[in-house]
Amino acid sequence: MVSLIADDLSIELPIRCVYESPTVATLAQTLQVLKQAEGNPLSVLTDLTTLAIPQPPPMARQRTQLPLESPTAVFLTGATGFLGAFLLHELLQQTQAQVFCLVRANSRQEAFNRLQATFTKYGLPVANLARRAVPVPGNLSQPRLGLSETQFSRLADQVDVIYHSGATVNFVKPYSALEAENVLGTKAVLKLAGKGKLKPVNYISTVGVFGAIAYFTGQNTVYENDDLDLSRDFLCWDDGYAQSKWVAEKMLLVAKAQGLPIKVFRPGFIAGNSHTGATNLRDFLSRSLLGCIQLGAYPDLVNFKNQVVTVDYASQAILHISQQPEAIGGTFHITPWSSVHDFAWNDLFAWAQDYGYALQRLPYGRWKEQLSEHCRQAQDNVLYPLLPFFNETIYEQKLTILELYENTADFDCSHAIAALKGSGIQCPVVDRQMLFTYLDAFTEQQQLPQSPPLSLSA
2 MVSLIADDLS IELPIRCVYE SPTVATLAQT LQVLKQAEGN PLSVLTDLTT LAIPQPPPMA
62 RQRTQLPLES PTAVFLTGAT GFLGAFLLHE LLQQTQAQVF CLVRANSRQE AFNRLQATFT
122 KYGLPVANLA RRAVPVPGNL SQPRLGLSET QFSRLADQVD VIYHSGATVN FVKPYSALEA
182 ENVLGTKAVL KLAGKGKLKP VNYISTVGVF GAIAYFTGQN TVYENDDLDL SRDFLCWDDG
242 YAQSKWVAEK MLLVAKAQGL PIKVFRPGFI AGNSHTGATN LRDFLSRSLL GCIQLGAYPD
302 LVNFKNQVVT VDYASQAILH ISQQPEAIGG TFHITPWSSV HDFAWNDLFA WAQDYGYALQ
362 RLPYGRWKEQ LSEHCRQAQD NVLYPLLPFF NETIYEQKLT ILELYENTAD FDCSHAIAAL
422 KGSGIQCPVV DRQMLFTYLD AFTEQQQLPQ SPPLSLSA
């Protein structure tokens, strides 16, 4: 939140306005809108009830054999992301297909180097990359994924199945700053799927498309076949990432009705590898844990559940379900199997204290004040980029997004569990011992002190 004064009216300017108004002229226009609305941020929210949903490109009504279990060529976006990298690893391990990987790069060598660096960072074996991973330099935010007409057509003719995991995950930027990559990029992927032979699309979404549904409606359980429109009226209060994934899913529904074979996967928070502890240090959960340890305090959010699954489970489950013809058209929550598998926010920090870190539990308002003061003194706290997310009061000018989510809904995953029956794929319990595995990995990566401030016996 940025405080500005316009004609003697003090206006709290949401950070999204800075992204949406990058010039002095556009910022002045935004200030005028807010001034007329007496500073009410509702006037600049992204209202999904009035937003025009992009339409997927038309596709031929052809029918073809769908090589779901034994594809010869796969197209994957997001391979340099956390879940995307593990999906690529599973595709290389569980199939014989060549995997064409869209990577933001200027050359094939640069793209391959990025893939290799990602695998190395997460401790994944790089041996199969050179043999079966085909780097495709491009960009989700550009027309035709940044490819020429000829390249796009050739790719459409080659691949059999698509896994669309790529997206910009950002909890501060508004919808308008994420639309090109997260929405229009998905539209380009759908165009690729419908061009030439019909190709199944496995789309990686998020449970965030339902926003803070428990707060606004009282619905405490969300089912895999629940109507997406349940969250339309209040998702304007949420972050731009959730909004962009909601809009992309609405577009997928239209494409599905046109005959495109689509499966939608909605993961919760993705935690590290259950065996090695390899973790995405830039995601929300890791940042929260590391940042609170740096601060020495955490916010008391007693009813905030995390819907956490490990990255190895998520990637294995998605690949297995994606290979089942009967799953076409379905939506699958990649979430904890039961309350035994999930844990509350406060548990995370209680376990960190068991590991040896001294952490003070504070009321949310007091905690965010301490975090803001800490970041003013030293901007090396990993939560510094998320200060607007924690601080901006977006609903009735008194609640932040995190407070809206405190009474989190459960996300039923019955369809996913049924589809995994007999596969041997189990959902690991993220518990105290698992967190110790992650903290050990953080320490090895020099993200935490070599020794916690207290002994483990404390």
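Each number in our numbering comes from the position in the sequence shown (counting from 1) with 1 added on. Yeah, the Cβ is synthetic: ideal placement off N, Cα and C, and Gly gets one too. None of these values were measured; they are calculated from a predicted model.
To the nearest whole angstrom, what separates the beta carbons of residue i and residue j, a pair I think is in contact under 8 Å?
| i | j | result |
| --- | --- | --- |
| Thr81 | Val104 | 6 Å |
| Ala272 | Val210 | Actually they do not touch by this definition, with Cβ atoms about 20 Å apart. |
| Phe101 | Ser316 | Wrong, their Cβ atoms sit about 18 Å apart, outside the cutoff. |
| Ala410 | Val223 | 5 Å |
| Leu254 | Val383 | With a Cβ gap of about 37 Å, Leu254 and Val383 do not count as contacting. |
| Gln110 | Leu130 | Not quite, the Cβ-Cβ distance comes to about 13 Å (not below 8 Å), so this is no contact. |
| Asn1 | Phe344 | Lying outside 2 to 459, the shown extent of the chain, residue 1 is not represented and no answer is given. |
| Ser142 | Ala181 | 4 Å |
| Asp313 | Asn281 | Actually they are not in contact, since the Cβ atoms of Asp313 and Asn281 sit about 13 Å apart, beyond 8 Å. |
| Thr332 | Glu225 | 5 Å |
| Lys264 | Ile322 | 7 Å |
| Asp301 | Arg362 | 5 Å |
| Thr401 | Phe391 | 6 Å |
| Pro55 | Val184 | 6 Å |
Kindly indicate which three-state DSSP category residue i falls into: helix, strand or coil?
| i | result |
| --- | --- |
| His90 | helix |
| Ile335 | strand |
| Cys293 | helix |
| Thr311 | strand |
| Leu1 | Because the chain in this structure spans residues 2 to 459, residue 1 falls outside the shown range and cannot be described. |
| Thr119 | helix |
| Tyr406 | coil |
| Asp411 | strand |
| Ala353 | helix |
| Ala345 | strand |
| Asp1 | In the structure as shown, the chain begins at 2 and stops at 459. Residue 1 is therefore absent and cannot be evaluated. |
| Asn129 | helix |
| Thr151 | helix |
| Leu372 | helix |
| Thr51 | coil |
| Gly79 | coil |
| Gly467 | There is simply no residue 467 to check, as the chain begins at 2 and stops at 459 in what is shown. |
| Pro144 | helix |
| Asn382 | coil |
| Pro326 | helix |
| Ala38 | Note that Ala38 scores 49 on pLDDT, short of 50, meaning its location in the model is unreliable; the coordinates nonetheless yield the value given after this. Here Ala38 sits in coil by DSSP. |
| Ile426 | coil |
| Ser316 | helix |
| Leu440 | helix |
| Pro57 | coil |
| Leu84 | helix |
Mind checking who residue i pairs with in its DSSP beta bridge?
| i | result |
| --- | --- |
| Pro300 | Leu363 |
| Arg105 | Gly139 |
| Gln99 | Ala74 |
| Leu400 | Tyr396 |
| Lys306 | Ala345 |
| Ala134 | Val100 |
Under a Cβ-count criterion, where at least 16 other Cβ atoms within 10 Å of its own Cβ denotes burial, should residue i be classed as buried or exposed?
| i | result |
| --- | --- |
| Lys399 | exposed |
| Arg288 | buried |
| Thr151 | exposed |
| Ser44 | With a pLDDT of 47 at Ser44, under the threshold of 50, the modelled position of this residue cannot be trusted, and the question is left open. |
| Gly124 | exposed |
| Pro262 | buried |
| Arg267 | buried |
| His90 | buried |
| Thr187 | buried |
| Asp497 | Residue coverage of the chain in this structure runs from 2 to 459, which leaves residue 497 outside it and unanswerable. |
| Lys200 | buried |
| His276 | exposed |
| Gly297 | exposed |
| Ser415 | exposed |
| Ala353 | buried |
| Ser71 | exposed |
| Asn221 | exposed |
| Ala442 | buried |
| Ala53 | exposed |
| Lys192 | buried |
| Lys174 | buried |
| Gly278 | buried |
| Asn171 | buried |
| Thr50 | exposed |
Under the criterion of a Cβ to heavy atom distance below 6 Å, does residue i qualify as lining the ligand GTP?
| i | result |
| --- | --- |
| Leu363 | Looking at this structure, you won't find the ligand GTP or any other ligand, since it has none at all. |
Can a CB atom of chain D be found closer than 7 Å to the CB of residue i?
| i | result |
| --- | --- |
| Pro389 | Of the protein chains in this structure there is only one, and it is not chain D. |
Unbroken stretches of the alpha helix (DSSP H), 4 residues or longer, contained in the region 153-219: 176-180, 186-195 and 214-218
Unbroken stretches of the alpha helix (DSSP H), 4 residues or longer, contained in the region 219-302: 241-258 and 285-296
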